[in-house]
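Residue numbers (this note's numbering), protein chains in the order written: chain A, 115 to 435; chain B, 16 to 310.
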């Protein structure tokens, strides 16, 4: 906005004739942004646009090992979709992916908010320490994080089993966390939430410091409980931040692949399938690339539906600038 | 907003004093809680580093050894002498270097157009740039693999470099644009009034101002490419052509993991990322949610 105002004011002050430039130069100026954009646009079209188009085409083809050798699929119409929509495992996996995303996102947002509020309460030294810790966790690469958690919950020498046994929470001696899918998923969700909390916390804390202290203090004097003042003052003020954080978290958690894949050593049982894993296994393990593409495309569709809110918000911000 | 306080100064003072006294004891409690949360959050990272420096007998102990009392570097020497470690480090560096350089040049031009020009189709391109970042890579890996197989680019670093542009380039365009918008147009205009050409104004005014933004963006691009797993896992088959993340993940495939060397390898893989990340952390948070507060 501010960048536009000087330009808008100028024509009134300056005589328009003197501002008129030769036609050639004006044309060049008009073409400049397109010329600048062209290389990036061409590369994006080639590396993203074409594969996306190809994914759609693949989902209507039979593409097995034979077709892989010939580099050519066989068109079979909507048979792939008919097959997955009649596959009870597929619906199971879709529901599981949604439930998993919901668990991860809600835990991340709630715990992230609590830690951010804690940051406003502690002294400067503890705040520095906690922030530094969060940044280290944030910086930890996903593959590294998975290895660490795998080691911590190792059935034989894992520190988790020992600690839980020592705390008399039960006998966890040689407990295999992945034998039961529920406890296995609990480990995976913890790992993902642990990795996601820093970004949410640090962003929310930055937002919280913007909320005027006068407002919450005035509310406290008027007798509002901390919870009410959080709900009625802080939350509405931070709503735009929450919209972005929640949409980003949904987008990230819905497509989780690495954490599950690596923690199950590259061969998860069907109890550990998410949509991304199901599509991967169908394609690269069973060599049914057409079926895998159909699953992947359903995933992309759900994803774009979810991220509509986020994109709209980001475009609005991009426009305001 | 402060009027209730100003209106009743006499009533306000004792209340405030009481709050402060209670506040000191409260602060102590909050600090203790903060310390506990810190310990809980940092523990996995600590445990990785501690394990990496422990002797084998301390790693495989019935009661956990909480601190490496007998520190050793043998896990690190074991890790770096494993087959293909150095080849995979080199591959990671080549891939990351090419991806960062390519996307920085392409994104710089595109970001310049988006930030400094108003033209027909600008908004559409912005929607496109944000939208394509929502497409799950796990879905695109299927067609990308088949296309690269047809083009004979599987198991080659060049194929992975092209593939990494799918997620690094759109992100780089968006972030660089954010940094360029931060430069006030008045500065460029002033330089032009002083007799510089548009290009001269650009080089002397804009470039130094967005320098830090360029550095931060390239570091973040570096981190993303360095951490990537699934694309490299699918596209690179030969162990001497893989990247460091694939090397690290392959540690665990056999029964009976060598936890000490694995944790040492994990520490080494994380090290460059952590150093870079800490250096530009503030800018990353800015880049991801830029303008959210104003929205």
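Quick reminder that beta carbons are idealized off the backbone N, C-alpha and C, glycines included.
| query | result |
| --- | --- |
| Listed by chain order, chain B residues near residue 154/A by CB distance under 8 Å | 121, 122, 124, 125, 184 and 188 |
| Counted within 10 angstroms of its Cβ, other Cβ atoms place residue 387/A as buried (16 or more) or exposed | buried |
| Residue from 143/A, 225/A, 187/A and 273/A whose Cα sits closest to the Cα of residue 65/B | 273/A |
| Beta-carbon neighbours of residue 232/B, restricted to chain A and to distances below 9 Å | Residues of chain A passing the Cβ test: none, with the nearest at roughly 14 Å. |
| CB of residue 407/A within 8 Å of CB of residue 243/A, strictly | no |
| Members of the segment 43–56 of chain B that neighbour chain A once the beta carbon cut-off is set at 7 Å | 45, 46, 48, 49, 50, 52, 53 and 56 |
| Close Cβ partners of residue 126/B (< 7 Å) along its chain, the five nearest in sequence each way excluded | 188, 191, 192 and 195 |
| Test item: CB-CB of residue 291/A and residue 303/A under 8 Å | no |
| Contact set for residue 106/B: own chain, Cβ-Cβ below 7 Å, skip 5 residues either direction | 172, 256, 257 and 258 |
| is_contact[residue 421/A, chain B] using C-beta, thresh 8 Å | yes |
| Cα-Cα separation between residue 159/B and residue 211/A, rounded to whole angstroms | 24 Å |
| Contact residues within the segment 175–207 of chain A, judged by C-beta distance below 8 Å to chain C | The structure shown has no chain C; the protein chains it does contain are A and B. |
| Interface residues of chain B facing residue 146/A [CB-CB closer than 7 Å] | 132 |
| Alpha helix (DSSP H) runs contained entirely in the segment 179–255 of chain B, provided each spans 4 or more residues | 200–208, 213–216, 222–242 and 245–250 |
| Cβ shell of residue 430/A (< 7 Å), same chain only, five flanking positions each side left out | none |
| Under the three-state DSSP convention, the category residue 107/B falls into | helix |
| Limits of the unbroken alpha helix (DSSP H) element including residue 149/B | Careful: residue 149/B lies outside any alpha helix (DSSP H) and carries neither H nor E. |
| Cβ contact (3+ pairs, closer than 8 Å) linking the segment 392–400 of chain A and the segment 252–259 of chain A | no |
| When 204/A, 251/A and 363/A are compared against residue 286/B, the one with the closest alpha-carbon | 251/A |
| Residue ranges of each alpha helix (DSSP H) within the segment 201–264 of chain A, 4 or longer | 202–235 and 238–253 |
| At least 3 beta-carbon pairs within less than 8 Å: the segment 109–124 of chain B vs the segment 310–329 of chain A | no |
| Separation of residue 134/B from residue 358/A, as counted between CA atoms | 27 Å |
| Residue-level contact to chain A via CB, residue 181/B, 8 Å cutoff | yes |
| Segment contact flag, the segment 414–425 of chain A with the segment 171–185 of chain A, C-beta cutoff 8 Å, min 3 pairs | no |
| Top-ranked residue by Cα proximity to residue 365/A, from 165/A, 215/A and 200/A | 215/A |
| Min CB distance residue 294/A to chain B below 8 Å | no |
| For residue 369/A, the three-state DSSP class (helix, strand or coil) | coil |
| For residue 175/A, the residue or residues it bridges with in DSSP | 189/A |
| Proximal residues, the segment 87–99 of chain B versus chain A, C-beta separation under 9 Å | none |
| Terminal residues of the alpha helix (DSSP H) in which residue 91/B lies | 89–95 |
| Under 9 Å from the C-beta of residue 375/B: neighbouring residues of chain A | With chain B represented from 16 up to 310, any question about residue 375/B goes unanswered, as that position is not in the structure. |
| Helix, strand or coil at residue 315/B according to DSSP, with G and I counted as helix | Here chain B covers residues 16 to 310 and nothing more, so residue 315/B does not appear. |
| CB contact below 8 Å: residue 29/B versus chain A | Bear in mind that the predicted position of residue 29/B carries a pLDDT of just 46, short of 50, making it unreliable; the figure below should be weighed with that in mind. It does not; no Cβ of chain A falls within 8 Å. |
| Exposure of residue 345/A, with buried meaning 16 or more beta-carbon neighbours within 10 Å | exposed |
| Cutoff 8 Å: residue 292/B Cβ touching any chain A Cβ | yes |
| Three-state secondary structure assigned by DSSP to residue 379/A | coil |
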